[in-house]
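Residue numbers (the working numbering): 18 to 440.
Just so it is clear, CB atoms sit at the ideal spot from N, CA and C, and this is done for glycine as well.
What follows is a short report on a single structure.
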Amino acid sequence: MILTDDERRMLEGEQGPAVQKAMELLVRYAEALGAERFVDTNNVCGANILTPSMMRHFKSHDEAFSKMSLDSDETVEIPQVKVFSCQLIGPMDREQWEVQGVSREFYEGTMESMDYNARHGIHLMNTCTPYQVGNVPVKGEHCAWMESSAVVYINSVLGARTNVEGRESTAAAMLTGKIPYWGYHLDENRFGTHLIEVEFDVESNMDWGMLGYFVGEMVEDKVPVLNGIRHVPDLLRLKHFGAAAASSGGVEMYHIPGITAEARTLEEAFGPNRPRATFKYGEAERRKVYEELNSTAHDRDVDLVMIGCPHAGIEQIREVCNLLDGKKIHSNCELWVFTPSPIRKLAEQNGYLKILQDAGAKLMSDTCPAIGQFLPKGTKVVALDSAKQVHYLPAIMNVQGWFGSTADCVRAALTGRWDGGLH
Ligand code: F3S
18 MILTDDERRM LEGEQGPAVQ KAMELLVRYA EALGAERFVD TNNVCGANIL TPSMMRHFKS
78 HDEAFSKMSL DSDETVEIPQ VKVFSCQLIG PMDREQWEVQ GVSREFYEGT MESMDYNARH
138 GIHLMNTCTP YQVGNVPVKG EHCAWMESSA VVYINSVLGA RTNVEGREST AAAMLTGKIP
198 YWGYHLDENR FGTHLIEVEF DVESNMDWGM LGYFVGEMVE DKVPVLNGIR HVPDLLRLKH
258 FGAAAASSGG VEMYHIPGIT AEARTLEEAF GPNRPRATFK YGEAERRKVY EELNSTAHDR
318 DVDLVMIGCP HAGIEQIREV CNLLDGKKIH SNCELWVFTP SPIRKLAEQN GYLKILQDAG
378 AKLMSDTCPA IGQFLPKGTK VVALDSAKQV HYLPAIMNVQ GWFGSTADCV RAALTGRWDG
438 GLH
């Protein structure tokens, strides 16, 4: 590997043992990837909040960070992070941990871990959508982010550059400001590889989620290019599209000519590549995806409706409030909406929190049922408006999952029954 002078000095320990351990880890990682050099980054999103059960193996947070995040045999003192760093979604809602059903011991231990991160300069965004709460990288900016739904969003919609990193590589990047220069940091890997001819008029966020799910299944981890989009999608729709494509396939980058950051035209999207394959998305494909997403559910009595995967924006919260229309959630059902905590604050200021609470719904932050692995006690059937969450939650929590529009989901919360469908 070619190292710059400052990278060599970090590796030799000039900036202390923690930075040295971080550089050692990054060099091992880069060599395993075949990267020839590092690139500077000043935008890192990782995950370093540890629960009490994870901390059981360690005597201190420095020890946990050293051994778990820096893969070090010895414990070193962890300094302040060197570059702009953010915590992604974590295991616990700081304000509503009791709703989650966690113990006081879990709450206090997890809060300690959050405080440790904050003291080290890691910003507690605690969301899978940092781009909704102020971390909006610019086109061409080299980042080091975990969380597949966020990676595909910033690569494709914003034109920033990151691979899907891990806890260790992001922790090391926070301390050094370096990340291996490979994958989606390089121009040649960002061009389209597969063409998707979209023949169905995709408009709603439900449809964008289904299209994303289809695309991920077709191209796996390659770079799809969508042709035939008639309505310009907004952040919400692209958030659902990317999250679904990243979960069914592992898509980290896509192009929609005329809309996403790096493709004004189809030719620009493919650059020097020729499409390796073309897939059509029409009525039949849409129906097949819908049936697949609903394949785990058969009981129509719904115990939980969850909105906010990826974390909801303020416009989604408003939509839920409007759909509730002053009515109460059915007594056998819960409605949980997940959003970043700054958006929760905004919802409170706008009166949406009160509307939700009056209806019997909960507005939660910092976590989600898949990451925190929690559900209301006795939950067997959930209804979701997220293709990503319906892909994961039934498998992770052993529940049935219905998938439909936000309106279908809110109606299920009001009646306790699933009557959604493909319209
Ligand atoms: Fe976010 Fe949890 Fe969905 S991390 S993308 S709300 S599965």
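With respect to the 8 Å criterion, L321 and T432 are not classified as neighbours on the basis of their beta carbons. In the structure shown, the three-state DSSP call for N180 is coil. Restricting attention to R361, L363, A364 and K344, the CA atom closest to the CA of A430 is found in K344.
Counting of Cβ neighbours within 10 angstroms places S358 among the buried residues, the total reaching 16 or more.
When only Cα atoms are considered, A135 and L141 end up about 7 Å apart. Cβ neighbours of M163 within its own chain (closer than 8 Å, five residues either side excluded): C62, G63, A64, L105, V181, E182, G183, R184 and T187. If you ignore the 5 residues before and after E48, its C-beta comes within less than 8 Å of the C-beta of M18, all in its own chain and listed in chain order. N60 has its alpha-carbon roughly 18 Å from the corresponding atom of L87. V36 sits in a helix when the DSSP states are folded into three classes. Counting along the chain, L212 sits inside the beta strand (DSSP E) bounded by residues H211 to V215.
For I346, the three-state secondary structure derived from DSSP is coil. If you check the C-beta of F355 against ligand 1, you find a heavy atom less than 7 Å away. Between ligand 1 and A49, a heavy atom-to-CB distance of less than 7 Å is absent. Distances between the C-beta of Q149 and the heavy atoms of ligand 1 are all 7 Å or more. Within the stretch 73-121, complete beta strand (DSSP E) segments of at least 3 residues are found at 102-104, given in chain order. In the displayed model, N244 falls within a strand according to three-state DSSP.
Between W419 and the set R247, V319 and K394, the nearest pair of CA atoms involves V319. When I66, G266 and V236 are compared, the shortest CA-CA separation from H408 is found for G266. Assigned with DSSP and collapsed to three states, P292 falls in coil, not helix or strand. Taking all protein chains shown into account, K76 has fewer than 16 neighbouring C-beta atoms within 10 Å of its C-beta and is therefore exposed.
With respect to the 8 Å criterion, M270 and R207 are classified as neighbours on the basis of their beta carbons. Q417 is bridged by DSSP to V398. Counting along the chain, the unbroken beta strand (DSSP E) around F355 starts and ends at E351 to F355. Apart from the 5 residues on each side of it in sequence, F391 sits with its Cβ closer than 6 Å to the Cβ of Q117 and G118 in its chain, given in chain order.
With a cut-off of 7 Å, the C-beta of Y409 is classified as near ligand 1, since at least one heavy atom of the ligand falls inside that distance. Counting of Cβ neighbours within 10 angstroms places D425 among the buried residues, the total reaching 16 or more. Closest option to N222, judged by alpha-carbon separation, among I273, A404 and E94: A404.
For K195, the enclosing beta strand (DSSP E) begins and ends at K195 to P197. With contacts defined as CB atoms closer than 8 Å, T295 and C160 fail to qualify as a contacting pair. Excluding its 5 nearest sequence neighbours in each direction, G288 has C-beta neighbours in its own chain below 7 Å: F208, listed in chain order. Within a 10 Å sphere around the beta-carbon of T144 sit 16 or more other beta-carbons, which makes this residue buried. Looking at the DSSP output, K379 sits in a beta bridge with W353. By a beta-carbon distance limit of 8 Å, G126 contacts M72. Their separation comes to about 6 Å.
Remark: the shortest separation between the CB of Q406 and any heavy atom of ligand 1 falls under 7 Å. Between K379 and K239, the alpha-carbon positions lie close to 38 Å from each other.
The three-state reading of DSSP puts R303 in helix, counting H, G and I together.
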